[in-house]
Amino acid sequence: EKGGWASFMAKEVSEQPEAVANTIRGRIHDGQVVIPELDGLDDLFLGINRVIITACGTASYAALVGKYAIEQWARVAVDVELAHEFRYRDPVIGADTLVVSISQSGETMDTLMAVKYARERGARTLSICNTQGATIPRESDAVVYTHAGPEVAVASTKAFSAQITALLLLGLHMGRVRGSVADASTDVDELSALPDKIARVLADENEHVSQLAGWMADTRSVLFLGRHVGYPIALEGALKLKEISYIHAEGFAAGELKHGPIALIEPGQPVFVLVPSPRHSALVHSKVVSNIQEIRARGARVIVIAEEGDAAVLPFADEVIRIPLAGAMFEPLLAVVPLQIFAMALATAKGLDVDQPRNLAKSVTVE
Ligand code: F6R
């Protein structure tokens with residue numbers, strides 16, 4: 008079933024162009040995003056003043072990307088809540104709240120309980136799920152399926168990309184319904200271009216990143232920095248590494264560095280930095296470049312993920328991983344790929360089973 012791949016994870020990483028394309032398919036009409044499953048459900052998006060996205064693990068990082076996208080396009084406040092935290096306090100929710108849940112399996116007990124709780128409190132519920140007919144979608148008012156195909160490896164990869172894709176679609180759908188996105192044509196073009204760009208990252212960076220991981224097999228700790236939508240990707244890069252290579256890893260918002268984490272930097276400390284395109288914001292880009300200078304000055308080994316042609320990072324980077332040019336909301340789908348490859352190659356270099364990491368199960372059906 009692995010079809011010649013060394014692991015299910017390797018196969019699933021390589022399937023991301025299709026996973027994203029299949030999730031977009033049938034949801035673009037006349038240059039607009041229209042999700043057919045949400046036909047007739049405009050009231051879900053019009054009668055609310057707040058969105059809470061709830062999920063666990065990797066799905067909660069997809070949720071964070073969704074927060075940026077939905078706030079920008081649908082102009083409604085979005086909070087992200089870990090499902091197991093959301094439920095055990097007394098959250099202020101009601102009929103004016105849309106609770107969006109995200110789950111690959113659709114069976115994660117923590118997330119299911121959060122959805123039930125939200126419903127009991129009178130909130131509207133929408134789930135993003137990769138498994139047809141699973142429990143979470145059955146408990147929700149509406150469902151947007153991701154079409155990543157079955158995911159076997161414990162560490163989530165293609166389902167994560169499909170979740171982000173579904174959230175981008177949802178943001179543009181909501182923006183259209185709420186009247187805050189008048190012209191989605193540029194974003195629709197960006198969506199349509201994603202599968203080919205992901206394929207390019209896979210083709211161009213696989214060998215380079217795998218080599219890098221091979222050199223780092225003895226590393227004890229890796230840090231990941233990102234800003235804006237790069238921040239959740241930093242968190243995801245760290246989680247992938249922890250899960251399958253058992254190396255201590257942490258993701259930080261780059262701006263948070265000076266508020267504490269910079270104390271961790273000592274000579275030789277590997278740090279991945281996700282650099283947002285200067286075309287989106289010269290200011291944000293320059294802030295990240297100065298973060299790189301700060302950690303480099305303290306001896307960090309800096310591995311930069313930056314768009315093609317961004318030369319500002321060159322003087323301060325030990326390694327540069329390139330991704331194609333993309334709109335701000337679309338970059339995470341490109342930047343996450345080298346981090347998945349890195350985690351996989353490092354686990355392989357350590358002789359570990361990447362598909363079946365210790366202590367973990369694919370679907371967490373207990374609270
Ligand atoms: C990470 C991973 C987990 C899941 C989490 C939620 O690689 O697989 O963090 O993302 O347990 O699972 P689902 O999406 O099935 O609810």
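Residues in the sequence shown are numbered from 8 upward in steps of one, following the working numbering. Yeah, the Cβ is synthetic: ideal placement off N, Cα and C, and Gly gets one too.
Does DSSP put GLN300 in a helix, a strand or coil? Taking the first residue of the sequence shown as 1, we reach residue 300 at position 293. In the structure shown, the three-state DSSP call for GLN300 is helix.
Comparing the CB of SER163 with every heavy atom of the ligand F6R, is any distance shorter than 6 Å? On the sequence shown, position 156 is the one that residue 163 refers to. SER163 Cβ: within cutoff of the ligand F6R.
Measuring straight from C-alpha to C-alpha, what distance separates ASP346 and GLY244? Locating residue 346 in the sequence shown gives position 339, where the first residue counts as 1. Locating residue 244 in the sequence shown gives position 237, where the first residue counts as 1. Looking at the sequence itself, residue 346 is Leu, so the reference to Asp does not match. Going by the C-alpha atoms only, they are around 5 Å apart.
Can you give me the Cβ contacts of LEU367 inside the same chain, cut-off strictly under 7 Å, excluding the 5 residues immediately before and after it? Taking the sequence shown and counting its residues from 1, the one referred to as residue 367 is at position 360. Answer for LEU367: VAL161 and GLU250, listed in chain order.
Nearest-angstrom Cα distance between PHE323 and SER252? Working through the sequence shown from its first residue, we reach residue 323 at position 316. Working through the sequence shown from its first residue, we reach residue 252 at position 245. Per the coordinates, the alpha-carbon of PHE323 lies some 27 Å from the alpha-carbon of SER252.
Run of the beta strand (DSSP E) containing SER228, from where it starts to where it stops: Within the sequence shown, the letter at position 221 stands for residue 228. Residues 228-233.
What did DSSP end up calling ARG57 once you bin it into helix, strand or coil? In the sequence shown, residue 57 corresponds to position 50, counting from 1. Here ARG57 sits in strand by DSSP.
Write down every uninterrupted run of the beta strand (DSSP E) in the region 214-281 whose length is 3 residues or greater and which is fully enclosed by it, in chain order. 228-233, 255-260 and 277-281
Beta carbon of VAL373: closer than 6 Å to some heavy atom of the ligand F6R? What you label residue 373 is simply residue 366 of the sequence shown in a count that begins at 1. For the ligand F6R, not one heavy atom lies less than 6 Å from the Cβ of VAL373.
Rounded to whole angstroms, what is the Cα-Cα separation between GLU127 and GLU374? Looking up residue 127 in the sequence shown gives position 120. Looking up residue 374 in the sequence shown gives position 367. If I take the Cα positions, the gap works out to 19 Å.
At a cut-off of 6 Å, is CYS136 close to the ligand F6R when judged by its beta-carbon and the heavy atoms of the ligand? To locate residue 136, count along the sequence shown from 1; it is residue 129. Answer for CYS136: no, Cβ out of range of the ligand F6R.
The beta strand (DSSP E) enclosing ASP86, as first and last residue numbers: Counted from its first residue, the sequence shown places residue 86 at position 79. ASP86 -> beta strand (DSSP E) spans 84-89.
If we ignore side chains and look at the alpha-carbon of each, how far apart do ALA270 and VAL327 end up? Counting from 1 along the sequence shown, the entry for residue 270 is found at position 263. Counting from 1 along the sequence shown, the entry for residue 327 is found at position 320. Computed Cα separation, rounded: 24 Å.
Quick one: what's got a C-beta closer than 6 Å to GLY334's C-beta in the same chain, skipping five residues either side? The residue given as residue 334 occupies position 327 in the sequence shown. Cβ neighbours of GLY334 beyond the five flanking positions: GLU197.
GLU212 by DSSP, collapsed to three states: which one? In the sequence shown, the residue the question calls residue 212 occupies position 205. GLU212 falls in the helix class under three-state DSSP.
State yes or no: is the C-beta of SER110 nearer than 6 Å to some heavy atom of the ligand F6R? Locating residue 110 in the sequence shown gives position 103, counting from the first residue. Within the cutoff, so yes.
Would a C-beta distance cut-off of 7 Å place ILE109 and ILE135 closer than the cut-off? Start at 1 with the first residue of the sequence shown, and residue 109 comes out as number 102. Start at 1 with the first residue of the sequence shown, and residue 135 comes out as number 128. Yes.
With hydrogens ignored, establish whether the beta-carbon of GLY64 is closer than 6 Å to any heavy atom of the ligand F6R. Looking up residue 64 in the sequence shown gives position 57. Under cutoff, so the answer is yes.
Under three-state DSSP, which class holds TYR95? As a working note, residue 95 is residue 88 in the sequence shown. Note: TYR95 maps to coil in three-state DSSP.
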